[in-house]
Each structure stands twice: as structure tokens, then as C-alpha cells.
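**Q** Just so we're aligned, residue 1 is where the sequence shown starts under the UniProt record's numbering, counting upward by one.
First the structure, which I've put down as C-alpha cells, then a few questions once you've had a look.
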Amino acid sequence: MSTSPSPSWRKIPYSPPSSPSTTPFPYSSKDLQPMDSSSDNIFYSQPRFVTHIDDQAINTLRNYFSEVLPISKGSKILDLCTSWISHYPTSVEQAIKNDTIEIFGIGMNDQEMKANPILKGKYAVKDLNVDPTISGWPDDENSQDIFDATTCTVSIDYLTQPLSVLSSLRDQTKTNGTVHLIISNRCFPTKAIRKWVEIGEEDRLKMVADYLAWSGWNKIEILELRKGGWMRGDPLWVVRGCKG
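Here it is in C-alpha cells:
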């Protein structure tokens, strides 16, 4: 698994705080609340069998995942805020088919995750805005250091307790394990947090990098995977970090 940027990925500068534990978190509780405060269980009760980025961005994402996700025997990957499709590459799908690796999922809709072939039923229906702990599979519920890598595709903007979620995820991640938070410019504006809707793309990327810094992750990087725009389709970035 490569952890250095591909020549085709532009690295966007980010300077983490020297001591996050003693530096106030730069976002307020109001910043992290959605415009629509109704229950997420209501909003996500109906399955949405659609993709939330265009085909060009999906292909780019699969190429990125093919370079960073582990496929060695015994590897475990978590797809956070998952649905009916995870956009994983053929190499990962083949490793799952051969029972070389395991994929776990946490999401909001049972029907969507049941339809996701890579999960093989290993998922938990959970509202992380109510309970931000990473758990839900009986065999591993009380253990730590489970995951080699975690992905979260175009969903970090909906979390109202991102530090709690990412801190819990860090506890569940093996040393040198990684997290990959995929970002585009699409969202459900009523359910995205207030600050996300108010700021531009550059500040959104910094905000997510701050989430990782203040929740204890290291080696934080922001990469532009795909430049979007008119006739170019959806843009795509990743904010990623490492445990240890």
C-alpha cells in the first residue's frame, strides 16, 4: 500500500497545530449542527440506490483506492457512512471474493448495506450523530486495533460529532493504519453541518484536516484527486491521516 502521493495528485498544504491537545478546537457546536435538526433516522429511512458523484469521479476514486487500500491476507477495512456501493477497485473486490480480506460497514440504511456485495452482511446500522462510537459487530465489539484502513466517501460533512467519531475510529485502528476521507462539492445542504454550507472548498478541506489533527491522527495530508469544473465533472479530494 502506497502512502506517498501519486504524481497525478496535487498535494494541498496543511499545517497542523503543534499541540492540538492544548489548542482550542476552532469550530463551535453551532458550526457543527445541520440546518435541518430533525432525526437523521427519518431522513435516511428510505433507501437511495443512486451514486453521489459522477462516473469520472468514481473512476478516479477507484484508482486512488487501488493504490492505498491493503489487500494482504487478514487485512480489515471499514467503510464508514457506507451505502449500497463502496466504489472499491477490482483488486479489493477480488480479495474479498477470495476471503483474503474483510470489509465492515457502518451506515444509516439497512436495505442499502444489505445490497452492498462487498460487506457480506458485516455491517451495523448506526446513527453516529447520536452514538459516535465505532462499534456494532459482535466479534470485535470490545476489542481495539481492528482496522488497517478506513474509507468515508462524501459523508464527513454530515457528522455533528466528528472529533468523537474520529477519536473512536483511531482507537479501533491498528498502528500505522490509515483513514481516507473523500470529499466532493455535492451534499444534501439541509443535512450538511452549518459551517460546511457557509464556507468554500479550500476551507472545507482545512476543516476536515483539523478534525483529524484534533482527534489524534498523524501524517495528515490533503490531496486533490480530480479537478472538477464545467465539462470536467465533479471535483474530488481526499483528506487522510495515519495512526502512529
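C-beta: ideal position from N, C-alpha, C; glycine also.
#1: Could you have a look at residue 196 and say whether DSSP puts it in helix, strand or coil?
#2: Let me know if residue 46 comes out buried or exposed under the rule of 16 or more other beta-carbons within 10 Å of its beta-carbon.
#3: Using only the alpha-carbon positions, how far apart do residue 176 and residue 148 sit?
#4: Less than 7 Å separating the Cβ of residue 73 from some heavy atom of the ligand SAM?
#5: Residue 238 and residue 193: beta carbons closer than 8 Å?
#6: Taking C-beta to C-beta, are residue 123 and residue 104 nearer than 8 Å?
#7: Could you name the residues of the same chain whose beta carbon sits closer than 6 Å to that of residue 162, not counting the 5 residues immediately before and after it, in chain order?
#8: My parser needs the beta strand (DSSP E) runs of 3 or more residues fully inside the segment 55-119; what are they?
#9: Over the uninterrupted beta strand (DSSP E) stretch that includes residue 11, give me the two end residues.
#10: Could you check whether residue 244 and residue 218 sit closer than 8 Å to each other, using their CB atoms as the reference points?
#11: Which complete alpha helix (DSSP H) runs does the segment 149-181 hold, if anything under 4 residues is left out?
#12: Can you have a look at residue 153 and say buried or exposed, based on whether 16 or more other CB atoms are within 10 angstroms of its CB?
**A** Once the coordinates are examined:
#1: Taking the sequence shown and counting its residues from 1, one reaches residue 196 at position 196. Annotated three-state conformation of residue 196 is helix, per DSSP.
#2: Here residue 46 is taken as the residue at index 46 of the sequence shown, counted from 1. Exposed.
#3: On the sequence shown, position 176 is the one that residue 176 refers to. On the sequence shown, position 148 is the one that residue 148 refers to. Looking at the two C-alpha atoms, the distance is approximately 8 Å.
#4: Questions concerning the ligand SAM fall outside what the structure shown contains, since it holds no ligand whatsoever.
#5: As a working mapping, residue 238 is identified with position 238 in the sequence shown. As a working mapping, residue 193 is identified with position 193 in the sequence shown. No, the Cβ-Cβ distance between residue 238 and residue 193 is not below 8 Å.
#6: Here residue 123 is taken as the residue at index 123 of the sequence shown, counted from 1. Here residue 104 is taken as the residue at index 104 of the sequence shown, counted from 1. A contact, by the Cβ cut-off of 8 Å.
#7: By one-based count along the sequence shown, residue 162 stands at place 162. Non-local beta-carbon contacts of residue 162 in its own chain, meaning distances under 6 Å to residues more than five positions away in sequence, involve 211 in chain order.
#8: Segments of the beta strand (DSSP E) lying fully in the segment 55-119: 76-80 and 102-107.
#9: Position 11 of the sequence shown holds residue 11. Where residue 11 is concerned, the enclosing beta strand (DSSP E) starts and stops at 10-12.
#10: Here residue 218 refers to the residue found at position 218 when the sequence shown is read from its first residue. Here residue 244 refers to the residue found at position 244 when the sequence shown is read from its first residue. Cβ distance < 8 Å, so residue 218 and residue 244 count as in contact.
#11: DSSP runs (the alpha helix (DSSP H)) wholly in the segment 149-181: 162-171.
#12: For this step, residue 153 is matched to residue 153 along the sequence shown. Buried: at least 16 other Cβ atoms inside 10 Å.
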